[in-house]
Amino acid sequence: MSDVTLFHWEPNANSGKPMLALMEKGVAFHSHYLDLLNFDQHRPDYLAINPQGTIPAMTHGNRVLTESTAIMEYVDEAFSGPTLVPKHPQDRWRMRWWMKWLDQWLGPSFSMIGWNVFVGPAVRSKDPGELRAVIDRIPLPERRVAWRKAIYGQFSDAEMRESQRRVALGIRVLETELGKREWLASDQYSLADINGFNLAYALPLSQPTLSNDQLTPNILRWLRAIYARPAAKACWAMGRTAMVKRVAILEQP
Amino acid sequence: MKMTVYHGEPNGPSLTVLAALFEKGLDAELIHIDLARGERHNLPFAQQPEVALSVEGEGPVVVVDGEAMTDSVFIACYFDELSQDNPLRPSDSYARWEMMSWCRQLIERTAPAAAHVGCSAYPPSCDPTTVARIGSVDLRERWQGTAARFAGEGSAADEQLADCQAKIAQAVAKIEARLASSEWLMGGFSIADLESYAWLAGMVELVPSAFLDRPLTADWMKRVRARPAVARAMSLARGPDPAHAWAPGPEINRWG
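Here it is, written out as structure tokens:
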């Protein structure tokens, strides 16, 4: 009987990071699906576990963990199974550096575009009064602003342009890095690859003019190599939305 | 293995890295650069992606075997992994998670706020040729924003300042709460103490209200300062007060 419960949404962005890390390690866990589009993450029963109302969270016995990238490092350390962190300190530094760049620089731009085209429109048709109440319930002021912008389509042109600029640059940067090494941070598959895959798995579909076999062969090689792993297949099979099913593009040779 | 540490005044990320190096007793060549004049961008490795695109903004660079490394928390982790002596992270996995997530929230919320407040009070200045050389467009814009605020342009500046001051107060409140049950933030002394202290030391003067009636934080700051490694890092200051040395840091969350 597992004493690990993961509270997560789709295998995508932050939720997918600990999901895939646990599955790569072969750790059995209870999956507690929170429907982000139904605002499950702001309900009292979840706020009792994670008062910040961010997804994902993990419990291990009576320990509660949040912050997806930090959870992944814990998963690698606390459980047996194949190691997902390189041995050499300099490789570890590189793994952490690239995860931070993904989490705090490239990720938010991908995410802003995703919220604008997917999350916002998916929830916009709900009752206006209910949406106002939902926004008021969000604990973190930053997330309240983000949800308001997504729900009411308030991302400015300047913000969207900046996100597009970062996505385009980020794709070029990733392509160059993946030309230097087999994996993102070192010669070993690591948490940095799990992190990056969660951000980029649908890239050839979402940014077809910026990422394709001609322009970014290294990124495509990398994404396909990750999706060829049994853990990644099993993880993405847990997805329920059309957004996540886009991963099927990686099955094509 | 040859290691070179390019550092600025012992404040913010440069303080974390120098103090962590001395805590661990590691050998390195130390080279002082003026981060507040953008000198990092004139170094030969400035365009390497991990330097040019560092989320930390202006911070120290550690060069090992030709590879340039940035980001103070991860450099401190790197130092910690080079030897078993004087550990700077808890040994228990859960306590380590706690330290890493503490640092993550600090570098995401507190550090951008501190850098903004610091740069507003003690503006760095970078000549246009150097600014043009900055590899990251968004870091270049933070330099330009700093210059514009100093020139009194733009009305959004004050609004952002108040929000940044509030974030400093929240960070100090969190620290005060942690210290109710232990001497250091994570139980034993760790990178979390160094990184938190390094970003907040300069805020005592600039956001005094955040430190009012916070006796545990005041004592903790004294304890951090009293550590020989921190004192040694502080002795490398060239200016009269390293707490006045600021350069554009991490960006304030674009999402709000």
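Residue numbers (my numbering), protein chains in the order written: chain G, 1 to 253; chain U, 254 to 509.
Backbone N, C-alpha and C define an ideal beta-carbon position, used for all residues, glycine too.
Treat the numbers as computed from the prediction; the structure is a model and nothing was measured.
At a Cβ threshold of 8 angstroms, is P381 (chain U) touching chain G?
Working through the second sequence from its first residue, we reach residue 381 (chain U) at position 128. Cβ-Cβ to chain G under 8 angstroms: no for P381 (chain U).
Review point. Quick one: what's got a C-beta closer than 8 angstroms to E162 (chain G)'s C-beta in the same chain, skipping five residues either side?
Key: On the first sequence, position 162 is the one that residue 162 (chain G) refers to. So the qualifying residues of the chain are S109.
Q. What are the uninterrupted segments assigned as alpha helix (DSSP H) that are 4 or more residues long and contained completely in the stretch 378 to 421 of chain U, given in chain order?
A. 381 to 386 and 390 to 403
**Study point:** Spatial neighbours of R467 (chain U) in its chain, beta-carbon cut-off 6 angstroms, leaving aside the 5 residues before and after
**Key:** Indexing the second sequence from 1 puts residue 467 (chain U) at position 214. V425 and E429.
task: Check the Cβ of D338 (chain U) against every Cβ in chain G and list those closer than 9 angstroms, keeping chain order.
output: Within the second sequence, numbered from 1, the residue matching residue 338 (chain U) stands at position 85. The premise fails here: D338 (chain U) is roughly 14 angstroms from chain G at the closest Cβ pair, so nothing lies under 9 angstroms.
Task: Partner residues on chain U for Q90 (chain G), Cβ-Cβ distance less than 8 angstroms - done: On the first sequence, position 90 is the one that residue 90 (chain G) refers to. By Cβ distance, chain U contributes V317, D318, E320, M322 and Y331.
Original post:
If you drop the 5 nearest sequence neighbours on each side, which residues of the same chain put their C-beta closer than 8 angstroms to that of V244 (chain G)?
Top reply: In the first sequence, counting from the first residue as 1, residue 244 (chain G) sits at position 244. E10, P11, N12 and W236.
#### Entry: Chain-ordered chain G contacts of P302 (chain U) [CB-CB under 8 angstroms]
Within the second sequence, residue 302 (chain U) is the residue found at index 49, counting from 1. The answer, in chain order, is V173, T176 and E177.
Worksheet item: What number of angstroms, rounded off, separates the C-alpha of Y46 (chain G) from the C-alpha of R143 (chain G)?
Response: Counted from its first residue, the first sequence places residue 46 (chain G) at position 46. Counted from its first residue, the first sequence places residue 143 (chain G) at position 143. C-alpha separation (whole angstroms): 16 angstroms.
M421 (chain U) burial status per 10 Å Cβ neighbour count (16 or more: buried)
For the purposes of this step, residue 421 (chain U) is taken as residue 168 along the second sequence, with counting starting at 1. First, the amino acid is wrong: residue 421 (chain U) is Ile here, not Met. The residue is buried, with at least 16 neighbouring Cβ atoms inside 10 Å.
Entirely enclosed beta strand (DSSP E) segments - the stretch 18 to 51 of chain G, minimum 3 residues: 30 to 33
**Asked** Who are the neighbours of F327 (chain U) on chain G, taking C-beta pairs under 8 angstroms?
**Response** Numbered from 1 along the second sequence, position 74 holds the residue referred to as residue 327 (chain U). Near F327 (chain U) (Cβ distances below 8 angstroms), the residues of chain G are W93, R96, W97 and K100.
Chain U beta carbons: is any one of them nearer than 8 angstroms to that of E73 (chain G)?
Here the question's residue 73 (chain G) lines up with position 73 in the first sequence. By this cut-off, E73 (chain G) is an interface position.
Review point. From U:I387, U:C417, U:A273 and U:A400, pick the residue whose C-alpha is nearest to that of Q300 (chain U); which is it?
Key: Translated into the one-based positions of the second sequence, residue 300 (chain U) becomes position 47. For Q300 (chain U), the nearest C-alpha among the options comes from U:I387.
Same chain, Cβ closer than 7 angstroms to Y74 (chain G), five either side skipped, listed in chain order:
The count along the first sequence starts at 1 and reaches residue 74 (chain G) at position 74. If we look at Y74 (chain G) and ignore the five residues flanking it on each side, its Cβ neighbours are L65.
inquiry  = Nearest by alpha-carbon distance to Q41 (chain G): which of G:V145, G:L223, G:A185 and G:I138 is it?
reply    = Taking the first residue of the first sequence as 1, we reach residue 41 (chain G) at position 41. Nearest option by C-alpha distance: G:I138.
Can you look up E227 (chain U) in the DSSP assignment and give me helix, strand or coil? Outside the displayed range of chain U (254 to 509) lies residue 227 (chain U), so it cannot be described from this structure.
### Query
How many Å lie between Q188 (chain G) and P376 (chain U) at the Cα?
To locate residue 188 (chain G), count along the first sequence from 1; it is residue 188. To locate residue 376 (chain U), count along the second sequence from 1; it is residue 123. Spanning the two alpha carbons is a distance of roughly 43 angstroms.
### Query
If we ignore side chains and look at the alpha-carbon of each, how far apart do R166 (chain G) and E436 (chain U) end up?
What you label residue 166 (chain G) is simply residue 166 of the first sequence in a count that begins at 1. What you label residue 436 (chain U) is simply residue 183 of the second sequence in a count that begins at 1. Going by the C-alpha atoms only, they are around 42 angstroms apart.
Q: Please classify P381 (chain U): is it buried, with 16 or more other beta-carbons within 10 angstroms of its beta-carbon, or exposed?
A: Counting from 1 along the second sequence, the entry for residue 381 (chain U) is found at position 128. With fewer than 16 Cβ atoms within 10 Å of its Cβ, P381 (chain U) is classed as exposed.
Practice problem: Would you decide whether Q104 (chain G) is buried or exposed? Buried here means 16 or more other CB atoms lie within 10 Å of its CB. | Solution: By one-based count along the first sequence, residue 104 (chain G) stands at place 104. That one is buried.
Of the choices G:L203, G:T59 and G:G179, whose alpha-carbon is the least far from that of Y347 (chain U)? As a working note, residue 347 (chain U) is residue 94 in the second sequence. If we check each option's Cα against that of Y347 (chain U), G:T59 comes out closest.
Under 7 angstroms by beta carbon: chain G residues contacting S346 (chain U) = Counting from 1 along the second sequence, the entry for residue 346 (chain U) is found at position 93. Per Cβ cutoff of 7 angstroms: Y74, E77 and A78.
*Give a yes or no on whether 8 angstroms exceeds the smallest Cβ distance from E142 (chain G) to chain U.*
By one-based count along the first sequence, residue 142 (chain G) stands at place 142. Yes, contact with chain U.
Would you call the stretch 263 to 270 of chain U in contact with the stretch 301 to 315 of chain U, where contact means no fewer than 3 C-beta pairs closer than 8 angstroms? yes
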